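Enquirer:
2 protein chains.
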Amino acid sequence: MPDLREQVLAASLELIEEQGVAALSLREVARRAGVSHQAPYHHFGSKDALVAELVARGFTGLSEMLEAAESARGTPTRRLRLAGRAYVDFALRHRAAFRIMFRPELADLSACPSADTESTRAYSVLVRLVEETFGGPRVPRRRLEAIVTMHWSLVHGLATLLVDGSLGERSDEAGSTPDKSTEALVEQTLDAFSRAAASLAP
Amino acid sequence: MPDLREQVLAASLELIEEQGVAALSLREVARRAGVSHQAPYHHFGSKDALVAELVARGFTGLSEMLEAAESARGTPTRRLRLAGRAYVDFALRHRAAFRIMFRPELADLSACPSADTESTRAYSVLVRLVEETFGGPRVPRRRLEAIVTMHWSLVHGLATLLVDGSLGERSDEAGSTPDKSTEALVEQTLDAFSRAAASLAP
DNA sequence: GCGCGCGACTTGACAGTGTCAAGTACGCGC
DNA sequence: GCGCGTACTTGACACTGTCAAGTCGCGCGC
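First to last, the protein sequences are chains A and B.
Residue numbering for the first sequence follows my numbering, beginning at 472 and increasing consecutively.
Residue numbering for the second sequence follows my numbering, beginning at 472 and increasing consecutively.
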């Protein structure tokens, strides 16, 4: 049991994954780590701070996956599509983190500045890719903004619905490969969307 | 103070709207209604049951708005677009309800059967509109499913991001008209999307 | 007319939670 | 050797959801 701080973070994610964010309890986490109920509190100051740290780490993970997609080979269209796929994959593989990341009432992220910078880092990948794909000398800024919002909304909505289990059956195991049918659904949905979005190119 | 049951439901929504779903407390609700801490419990049996009831009512409200859009005049394309707009509008005008509706870990909806029927009622509006717009004798079922998922994901993602405040600045007042800039953002995003989706027509 | 049952509500208790306020053990520089 | 800060423990408080009783009042059968 090397680093209690890391252990606490891991146990928190595990707990959220198992029983949802409402069941996240510092005391239960402490119990799982085999320490007193105040030990986690010593490392994080408050439950909010712990959650904020998890959120920040989540956004760095997401940013890395998006940046990998961005720097892949292929046309801008292809890389934008890859980024969308990466977004959904991240949500499915890190359900616990994803569930927390977009819930401002859970932890005020102002406490953890890196959360803010990491989330804009992820966002700017999307902005760059959309500009590259749909930008042009005669394309107004407003239009690009709308296209960015459209792409983000689509992948975020798809990811959210999948994680919450509203779409098809959820594959419950954490970290496991998403099952075949959701895989196919994601692929076909992104396919339809990227084909549709292609018609917006200048 | 006529119907305590209704009063409790209203106070619950109010509380969620003010301080987020984590702050929903039966005891605080009871305090606001001026009754003992067990009075709400008598009407609902458990906190989960209360939330489930709110979810069910939320879905009926959403279904009604979607059905109104469905039975409006105009081309299928236009009505589909209106339904999307209705979805986002519902989320913005009933933030508290919307925040709860897609969170299965908050309340097991199996306790409240109407929640399930009402949610599929809303979903089937979307399915009908997509079939009407994109269906045809030579269009495979899989393709239609993908288009349904695409539409749902887009409006759900847009609504979620707006409600959570990730997109632009949130207009915090509950029930108030969404402010001008988010209004414009929604309009432009749906515009871009419905134009893009049009290219998928048979 | 009257008991009485039952629904609406209250009071009291218990385990669980986040958090504040102390106390304890221990390693390291001086 | 000694202080001191770091990592942690123990104990307490207010708060939560929920179980178990008790109280009040009203309508209905007899």
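The beta-carbon is built from N, C-alpha and C at its ideal position, and this holds for glycine as well.
Since we're looking at a predicted model, the values are computed, not measured.
So, under 8 angstroms CB-CB, A/L676 and A/Y558 are touching, yes? Tell me the CB distance rounded to an integer number of Å.
Expert: Given that chain A is displayed from residue 472 to residue 673, the structure contains no residue 676 of chain A and the question cannot be resolved.
Enquirer: In three-state terms, what does DSSP make of B/T546?
Expert: Note: B/T546 maps to coil in three-state DSSP.
Enquirer: Quick one: is B/L660 buried, meaning 16 or more other Cβ sit within 10 Å of its Cβ, or exposed?
Expert: Residue identity check: residue 660 of chain B is Thr in the sequence provided, not Leu. Label assigned to B/T660: buried.
Enquirer: Could you list the residues in the region 536 to 562 of chain A with a C-beta less than 9 angstroms from some C-beta on chain B, going in chain order?
Expert: So nothing in the stretch comes that close.
Enquirer: Which residues bound the alpha helix (DSSP H) around B/G532?
Expert: Start and end: K518 to E541.
Enquirer: Within a Cβ cutoff of 8 angstroms, which residues of the same chain sit near A/A669, ignoring the five residues on either side of it in sequence?
Expert: Closer than 8 angstroms at Cβ, skipping near neighbours: T548.
Enquirer: Do you know offhand how far A/F515's Cα is from A/S507's?
Expert: When rounded, the distance between both Cα atoms is 14 angstroms.
Enquirer: Counting pairs of beta carbons, one from the region 552 to 568 of chain B and one from the region 517 to 536 of chain B, are three or more of them closer than 8 angstroms?
Expert: The answer is yes - the region 517 to 536 of chain B touches the region 552 to 568 of chain B, with three or more Cβ pairs under 8 angstroms.
Enquirer: What residue from A/E499, A/P575 and A/Q478 has the CA that sits closest to A/A523's CA?
Expert: Nearest C-alpha to A/A523: A/P575.
Enquirer: Helix or strand or just coil, what does DSSP make of A/V619?
Expert: The answer is helix: DSSP assigns A/V619 an H, G or I state.
Enquirer: In chain B, which residues lie less than 8 angstroms from A/D662 when you measure between Cβ atoms?
Expert: Under the 8 angstroms cutoff, chain B gives A617.
Enquirer: Report the rounded CA-to-CA distance for B/M472 versus B/S652, giving the unit in angstroms.
Expert: Confidence at B/M472 is low in this model, with a pLDDT of 47, below 50, so the placement of that residue is unreliable and no value is reported for it.
Enquirer: Please state whether the Cβ-Cβ distance between B/H622 and A/T631 is less than 8 angstroms.
Expert: No. Outside cutoff.
Enquirer: Rounded to a whole number of angstroms, what is the C-alpha to C-alpha distance between B/V634 and B/L475?
Expert: Cα-Cα distance, rounded: 29 angstroms.
Enquirer: Taking all protein chains shown into account, decide if A/R612 is buried (16 or more other Cβ within 10 angstroms of its Cβ) or exposed.
Expert: Flag for A/R612 reads exposed.
Enquirer: Helix, strand or coil for A/R574? Go by DSSP, reduced to three states.
Expert: Of the three classes helix, strand and coil, the one that applies to A/R574 here is coil, per DSSP.
Enquirer: For B/F515, go through chain A and note every residue whose CB falls closer than 8 angstroms to its CB, in chain order.
Expert: Near B/F515 there are no residues of chain A at all, since even the closest Cβ is about 17 angstroms away, more than 8 angstroms.
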